[in-house]
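Visitor: A single structure is presented below for examination.
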Amino acid sequence: MTRLLTRSFVLSSVLAASLAGAFPAAYADGKPHVVILATGGTIAGAGASVANSATYQAAKVPVDKLIAGVPELANVAEVRGEQVFQIASESFTNDNLLTLGKRVAALARQPDVDGIVITHGTDTLEETAYFLNLVLKTDKPVVVVGSMRPGTAMSADGMLNLYNAVAVAAAKDAAGKGVLVTMNDEIHTGRDVSKSVNIKTEAFKSPWGPLGMIVEGKTYWFRAPAKRHTTGTEFDIDKLDKLAPVDIAYGYGNATPTAYRAFAEGGARAVIHAGTGNGSVSSAVVPALQELRSKGVQIIRSSRVVGGGFVLRNAEQPDDKYDWVVAHDLNPQKARILASVALTKTQDSKELQRMFMEY
Ligand code: DAS
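Per the working numbering, the very first residue in the sequence shown carries number 3; after that it's consecutive.
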């Protein structure tokens with residue numbers, strides 16, 4: 003019976019809203035104006051049955067249906083949607099990041115836009131959120147949101163995640179906190195958060211904890227971002243037309259230099275070493291990294307160990323002597339994002355190290 007009710011609720015609310023074509027007359031102006039930019043992912047996914055919470059096709063449902071599926075959005079904001087992409091986020095490219103960032107920046111400059119929500123696949127959501135945190139020049143709330151289950155599944159999380167994201171984007175007290183991520187009732191900074199569980203609704207974690215919570219449309223804050231973001235950064239999306247190619251190589255027992263050399267031959271301007279422990283580098287790999295550094299490739303030591311530590315400079319490796327950079331507490335995928343932006347501004351490893359400590 004529940005199953006039938008669940009499905010009929012989802013379908014009837016979508017049907018009702020699409021028949022209505024617009025939001026109810028009560029939807030008078032005077033509410034914050036929030037634009038939803040849809041890019042695809044599971045939040046736009048569809049499965050064959052309500053029992054398919056993990057087997058489904060991502061990037062199927064268009065933005066107007068996502069909005070129609072949550073008519074309660076009209077209680078918190080005047081909402082409109084744009085379909086920027088319709089892709090699974092594991093396929094995001096640097097060009098997708100630039101296109102999305104430029105659209106967000108253009109909307110943020112509009113006086114009739116108070117907040118922006120980006121619906122996104124969860125696989126690389128953390129990378130997009132960190133990228134936008136670095137390059138957007140706005141204090142307006144920008145909130146990235148996804149879901150771990152498709153809207154067709156029992157106990158789907160997308161509807162409430164979207165409602166929460168719009169409520170945060172409409173909240174005056176969300177301004178000036180950098181790019182935010184709302185998942186599973188929590189509000190995270192785009193800088194810290196990462197997908198830490200690959201199949202539960204409680205998937206997104208920040209090693210230093212969330213900034214706050216969003217409950218029944220109200221924000222509750224418990225800390226503020228500690229690193230430079232948005233209007234406080236030296237990067238600007240409107241001055242970026244290309245990101246530097248940067249790749250990631252994993253550290254593990256029996257590691258070889260093959261991947262690092264291949265990345266450099268493929269044009270990588272930096273290689274992120276996702277090292278064991280404190281960013282350690284196998285003795286079988288160190289000579290190749292020294293050789294790549296001597297050819298101008300930046301070497302950035304991150305760690306495959308995530309969840310609340312940081313790579314200490316000159317601890318496991320003589321970074322000063324080798325002229326390498328440490329990624330501090332950034333996980334390898336976020337280190338790649340910062341390096342790909344930072345290398346558009348500097349080739350100096352000391353400047354890069356400053357940036358890794360500040361952003
Ligand atoms: N493939 C995943 C993505 O698009 C689906 C998801 O979890 O959103 O990121």
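Ideal Cβ positions, reconstructed from N, Cα and C, are used throughout, including at glycine.
Between V287 and the rest of its own chain, which residues show a CB-CB distance below 6 Å, the 5 nearest in sequence each way excluded?
Guide: Around V287: A257, P259.
Visitor: My assumption, with CB atoms under 8 Å, is that P152 sits in contact with T44. Please give the rounded CB distance.
Guide: With 8 Å as the limit, P152 and T44 qualify as a contact, their Cβ atoms being about 6 Å apart.
Visitor: Should K207 go down as buried or exposed, given a rule of 16 or more other Cβ atoms within 10 Å for buried?
Guide: Buried is the call here.
Visitor: Comparing C-alpha positions only, which one of S304, S296, T232, V327 sits nearest to A107?
Guide: Closest option to A107, Cα to Cα, is T232.
Visitor: Excluding the 5 residues preceding and the 5 following H330 in the sequence, name in chain order all residues of the same chain whose CB lies nearer than 7 Å to its CB.
Guide: Excluding residues within five positions, the ones whose Cβ falls inside 7 Å are F312, V313, F358, M359.
Visitor: So E80 is in the alpha helix (DSSP H); what residue range does that whole segment cover?
Guide: Here E80 belongs to no alpha helix (DSSP H); instead the beta strand (DSSP E) covers 80-89.
Visitor: Please confirm if the segment 157-165 is in contact with the segment 190-198, defined as three or more CB-CB distances below 8 Å between the two stretches.
Guide: No, because fewer than three Cβ pairs between the segment 157-165 and the segment 190-198 fall closer than 8 Å, the two stretches do not touch.
Visitor: Please work out which residues of its chain come closer than 7 Å, Cβ to Cβ, to Y386, disregarding the five sequence neighbours upstream and downstream, and give them in chain order.
Guide: With the chain covering 3 to 361 only, the question about residue 386 has no answer from this structure.
Visitor: What did DSSP end up calling D66 once you bin it into helix, strand or coil?
Guide: Helix at D66.
Visitor: Could you give the DSSP three-state label for A155: helix, strand or coil?
Guide: In the structure shown, A155 sits in coil (DSSP, three-state: anything other than H, G, I, E or B).
Visitor: Give me the Cα-Cα distance between A251 and A317, rounded to the nearest whole angstrom.
Guide: Approximately 20 Å, taken between the alpha carbons.
Visitor: Check whether the Cβ of T126 lies closer than 7 Å to any heavy atom of the ligand DAS, and answer yes or no.
Guide: T126 Cβ: within cutoff of the ligand DAS.
Visitor: Three Cβ pairs or more, each shorter than 8 Å: is that satisfied between the segment 226-246 and the segment 92-105?
Guide: As far as the Cβ criterion goes, the segment 226-246 touches the segment 92-105, which means the pair count is three or higher.
Visitor: Over what stretch of residues does the beta strand (DSSP E) that includes D249 continue unbroken?
Guide: Run containing D249: 248-252, per the beta strand (DSSP E) assignment.
Visitor: Using 8 Å as the threshold, is the segment 139-147 in touch with the segment 115-123, meaning 3 or more CB pairs across them?
Guide: At 8 Å Cβ cutoff, the stretches touch.
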